[in-house]
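Enquirer: When you line the sequence shown up against numbering that gives the first Met the number 0, it's residues 0 to 332, in that order.
Note that CB positions come from ideal geometry on N, CA and C, so glycine has one too.
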Amino acid sequence: MNTSEASAALLLHDAKVISLSERVPASFSPFAVVVVTYNSAAVLEGLLDSLPSGLAGAGDFTVYIVDNDSHDESVRIAEAHSVRPVVIRMGRNAGYAAGINAALARLDPLADVLILNPDIRLHPGVGRELRCRLQDRAIGVVVPKIMNDDGSLNRSLRRQPSVVTAWSDALFGSKVAARFNLGEVVADAAVYDRGGAAEWATGAILMIAGHARQLVGDWDESFFLYSEEVDYLERIRHSGLSVFYEPRAKAVHIGGDYQDNAFLSALMTRNRIRYHRRHHGALATALFRLSIIVGETMRFTLGPGHRAALRAAIGPIEWSGVEGPASTRDLAV
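Okay, structure coming up:
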């Protein structure tokens, strides 16, 4: 088996799963769209503008904008928009997971939910493609193909974090490690052209089945921002359901580079270590943490994000209270 085939095998079910006939209903039940905002005025209107065509044929939907105490025009833009979203004001910067949970608490427990970053732009028909795939009751979450705003592929699929992926990314860099199927990022173009079960995917856009929500429960608010989607999708898979990648559904993620932001780099680093500690023993977690220290030491001079990540990896990883963004996953690759 060559490396391309090995990568595909890691992410995909047997071809029979991909070719299952879809039992598409004549009309879908209502569903919800949840967007968490924090000073998102520059991008929010574009997302809301894309919803009518993006969700055409997917069923009736209600949009929930959960605002984490923005200081810009995010709330005004949401309230004035023609899609008439329900605006939930958190009154504080409560975090991404807390924002999602605040909206989910208002929904029918069996409703499907589309989680979106405010810097997502939906392609026409993406909602219908996602909901069609959720007709398979073995699937708990479905994610689309994501493109960058320059038209290039966003490598949004990931392998489960491990000591091997962490050391590969640290020693070789994430791009080189991904090219050889060693790192956390899945880079094989063939995987992105095919559909199948993934280990996890970045949380900028994902649709959760109502039956999966009943099994898994709320998002873990202790992460605040970053790694909460890794945790949630791991719980989806642990429940016996799959996370499915559907390339016929497409969206654009404007995104950004978290490494330019010292606060986000530090937060991501702490949460990566905290997540690994939850699922592995002390020795494996120590090796995982050491890989980050080594990797960021090697890149110390490349920018403030790397220096902040190194300090976070060396220092205490438990963390409470925050003044910073909690709405987007700026994980540009």
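So what does L106 bridge to, in DSSP terms?
Expert: Here residue 106 refers to the residue found at position 107 when the sequence shown is read from its first residue. L106 is not bridged to any residue.
Enquirer: So, with DSSP's three-state summary, where would you put I292?
Expert: Position 293 of the sequence shown, counted from the start, is the residue given in the question as residue 292. I292 falls in the helix class under three-state DSSP.
Enquirer: Pull up the distance between the alpha-carbon of S20 and that of A57, whole angstroms please.
Expert: Translated into positions along the sequence shown, residue 20 becomes position 21. Translated into positions along the sequence shown, residue 57 becomes position 58. With a pLDDT of only 39 at S20, under the threshold of 50, the placement of this residue in the model should not be trusted; the figure read from the coordinates follows. Each residue's Cα considered, the two are about 18 angstroms apart.
Enquirer: Just how far apart, CA to CA, sit D118 and K249?
Expert: Residue mapping note: residue 118 aligns to position 119 of the sequence shown, counting from 1. Residue mapping note: residue 249 aligns to position 250 of the sequence shown, counting from 1. Each residue's alpha carbon lies about 14 angstroms from the other.
Enquirer: For K144, does the count of other Cβ atoms within 10 angstroms reach 16, so buried, or fall short, so exposed?
Expert: Within the sequence shown, the letter at position 145 stands for residue 144. Buried: at least 16 other Cβ atoms inside 10 Å.
Enquirer: Can you tell me whether A197 is buried or exposed? The criterion is at least 16 other CB atoms within 10 Å of its CB, across all chains shown.
Expert: As a working note, residue 197 is residue 198 in the sequence shown. Looking at its Cβ environment, which holds 16 or more other Cβ atoms inside 10 Å, A197 is buried.
Enquirer: Could you name the residues of the same chain whose beta carbon sits closer than 6 angstroms to that of S161, not counting the 5 residues immediately before and after it, in chain order?
Expert: What you label residue 161 is simply residue 162 of the sequence shown in a count that begins at 1. Counting only Cβ-Cβ distances below 6 angstroms, and skipping sequence neighbours, we find nothing.
Enquirer: Is it right to say S6 is buried, meaning 16 or more other beta carbons lie within 10 angstroms of its own, or is it exposed?
Expert: Against the sequence shown, residue 6 aligns to sequence position 7. Its pLDDT being 44, under 50, S6 is placed unreliably by the model, and the measurement read from it follows with that caveat. Its Cβ being crowded by 16 or more others within 10 Å, S6 is buried.
Enquirer: Using CA coordinates, which residue listed in A200, S264, G94 and A110 is at the minimum distance from V32?
Expert: Walking along the sequence shown from the start, residue 32 turns up at place 33. Checked all of A200, S264, G94 and A110; the closest Cα to V32 is A110.
Enquirer: DSSP state of V185, grouped into three classes?
Expert: Working through the sequence shown from its first residue, we reach residue 185 at position 186. Three-state DSSP puts V185 in coil, outside helix and strand.
Enquirer: Just to confirm my understanding: we take S290, look at its own chain, exclude 5 residues before and 5 after, and list those with CB closer than 6 angstroms. What are they?
Expert: Position 291 of the sequence shown, counted from the start, is the residue given in the question as residue 290. Counting only Cβ-Cβ distances below 6 angstroms, and skipping sequence neighbours, we find A165, W166 and A169.
Enquirer: If we count Cβ pairs, one from each stretch, closer than 8 angstroms, do we get three or more for the region 142 to 157 versus the region 240 to 254?
Expert: Cβ pair count under 8 angstroms is three or more, so yes.
Enquirer: Does the region 67 to 83 come within contact of the region 31 to 48, defined as at least 3 CB pairs closer than 8 angstroms?
Expert: Touching, yes, given that three or more Cβ pairs across the two stretches are closer than 8 angstroms.
Enquirer: What first and last residue would you give for the beta strand (DSSP E) that runs through L205?
Expert: One-based indexing of the sequence shown puts residue 205 at position 206. That run of the beta strand (DSSP E) goes I204 to I207.
Enquirer: By the three-class DSSP mapping on this structure, what secondary structure does D68 have?
Expert: Taking the sequence shown and counting its residues from 1, one reaches residue 68 at position 69. Coil.
Enquirer: Assign L367 to one of three DSSP states: helix, strand, or coil.
Expert: The shown model of the chain, from 0 to 332, leaves out residue 367, and the question about it has no answer.
Enquirer: Across which residues does DSSP place K174 in a beta bridge pair?
Expert: Locating residue 174 in the sequence shown gives position 175, where the first residue counts as 1. In the DSSP output, where bridge partners are listed per residue, K174 has none listed.
Enquirer: Should R236 and V229 be called a contact, given that it needs their Cβ atoms to be closer than 8 angstroms?
Expert: Counted from its first residue, the sequence shown places residue 236 at position 237. Counted from its first residue, the sequence shown places residue 229 at position 230. No, the pair does not count as a contact, with Cβ atoms beyond the cut-off.
Enquirer: Helix, strand or coil: how does DSSP classify E245 here?
Expert: Here residue 245 refers to the residue found at position 246 of the sequence shown. DSSP places E245 in strand when its eight states are reduced to three.
Enquirer: Considering Cα atoms alone, identify which of T36, A137, F262 and Q134 is closest to G94.
Expert: Counted from its first residue, the sequence shown places residue 94 at position 95. For G94, the nearest C-alpha among the options comes from T36.
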